[in-house]
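Step one of this worksheet: look at the structure below.
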Amino acid sequence: MNTQATVNPVLVGIDGSKHARRAARWAALEAASRDTTLRLVHVIDAEEPDRQQSIHRAQHALHKAWKAVADTHIDVKLESEILSGSPADCLAEESRRAALVCVGDRGTHDTPDAPRGSTAVELARNAPGTVAIIRRTHREFDHRKWIVAVLDESASATAVLKAAKADSAWRDAPVLMLEPWSHSGEPADVRHPVHVALARYLRAAANAHLESVTLAMPGHLGNLLRQSACIDQLVIVPGDDTELVAELTSDDMRKTLKGSDCTLLFVRPSHRVPNGDVTARQQNSIELSAAQP
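Put into structure tokens, the structure is as follows:
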């Protein structure tokens with residue numbers, strides 16, 4: 028009997044845009060590194076009068092995304108599915124059952140009359156699970172670019188550190204840890220899990236070839252990113268820090284990160300969903316064969 032825990036899939040919202048295909052390529056490495064499935068999901072409008080045409084467009088978009096992932100030659104299991112409803116709402120609900128949900132920084136399902144990337148912003152701010160907003164202008168990863176991790180003493184802190192460690196190893200990239208306690212003058216609770224984990228990580232990193240450093244957390248992360256976005260490939264933050272999430276998904280930050288390869292990862296604690304809930308969701312989805320041409 029196999030007692031190994033099942034790893035939740037990495038999910039990508041696919042809307043037919045090039046930004047979604049770039050997100051799928053980025054997510055393929057995440058899924059392969061976690062030894063889990065990559066799910067490509069397209070959401071069609073439940074009120075669309077021509078449902079068959081909507082399904083046809085969805086299948087076409089999923090096929091192109093599937094091919095984009097296959098072209099990376101990353102060894103990852105692929106699945107695809109069509110759901111019906113609001114893209115932001117459906118993907119937020121799916122985040123309960125996913126290791127993370129990835130979306131492009133803009134796409135075809137953005138809310139009418141709202142800024143570009145409005146679906147990604149809504150998802151990052153409201154989803155109960157972990158969300159990544161992918162920015163990719165180049166097909167290949169630049170391993171010299173930094174991973175920036177924001178640490179605090181919230182419930183998500185150890186998950187942020189774990190994600191930074193894993194992505195640093197997978198992407199062979201240096202890590203900058205931003206934390207508030209070592210420069211605040213306030214006594215820190217050294218028994219807090221994130222302090223213990225960070226100390227252990229830094230001791231191990233001292234003998235590793237990848238650079239890992241800590242700096243004081245600035246008053247506004249945006250000020251730092253305005254200076255460093257061109258040399259950062261990934262910023263990882265606690266998803267339960269609503270002020271920080273709002274800052275990173277603001278219009279000003281969109282302008283700051285425009286044209287960069289700086290992806291934003293909003294980490295939230297894992298959710299366990301009863302099997303009955305999974306069955307109910309599957310009954311509301313539209314059947315789509317996983318065997319793409």
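In my numbering, the protein residues as written are 28 to 320. We put the beta carbon where it would ideally sit given N, CA and C, even for glycine. Only a predicted model underlies this, so the values are computations on that prediction, with no experimental measurement involved.
Simplified DSSP state of residue i, which is helix, strand or coil
i, result
"PRO139", "For PRO139, the predicted structure reports a pLDDT of 49, less than 50, and the residue's modelled location is therefore unreliable. A value from the coordinates is still provided. Three-state result, PRO139: coil."
"VAL262", "strand"
"VAL41", "The amino acid occupying residue 41 in the given sequence is Ile; Val does not appear at that position. DSSP places ILE41 in coil when its eight states are reduced to three."
"SER239", "strand"
"GLU180", "coil"
"ILE101", "coil"
"THR290", "strand"
"VAL34", "coil"
"HIS247", "coil"
"HIS170", "coil"
"ASP194", "helix"
"ARG295", "coil"
Assumed close pair residue i, residue j - CB separation to whole angstroms, cut-off 8 Å
i, j, result
"ALA154", "LEU110", "Their Cβ separation, rounded to whole angstroms, is 15 Å, which puts ALA154 and LEU110 out of contact at 8 Å."
"ARG152", "ASP132", "Actually they do not touch by this definition, with Cβ atoms about 14 Å apart."
"ALA59", "VAL103", "4 Å"
"GLU75", "SER81", "4 Å"
"ARG66", "GLU106", "5 Å"
N-terminal and C-terminal residue of the beta strand (DSSP E) that residue i is part of
i, result
"SER111", "105–111"
"ARG66", "65–71"
"ALA176", "173–177"
"VAL130", "127–131"
"GLU206", "202–206"
Residue span of the alpha helix (DSSP H) that contains residue i, given as start and end
i, result
"ALA147", "145–153"
"ALA119", "114–121"
"ALA159", "Counting along the chain, ALA159 falls outside any alpha helix (DSSP H), though it belongs to the beta strand (DSSP E) covering 158–161."
"PRO220", "220–232"
"ASP279", "278–284"
"GLU74", "GLU74 -> no alpha helix (DSSP H), and no H or E assigned at all."
"ALA273", "269–275"
Worksheet item: Counting pairs of beta carbons, one from the stretch 119–128 and one from the stretch 86–98, are three or more of them closer than 8 Å?
Response: no
Discussion item. Between the stretch 267–277 and the stretch 184–191, can you find at least three pairs of beta-carbon atoms closer than 8 Å?
Written reply: no
Discussion item. I want to know whether the stretch 234–242 touches the stretch 198–207 - three or more CB-CB distances under 8 Å.
Written reply: yes
Worksheet entry | Three or more C-beta pairs below 8 Å linking the stretch 221–235 and the stretch 257–266 | no
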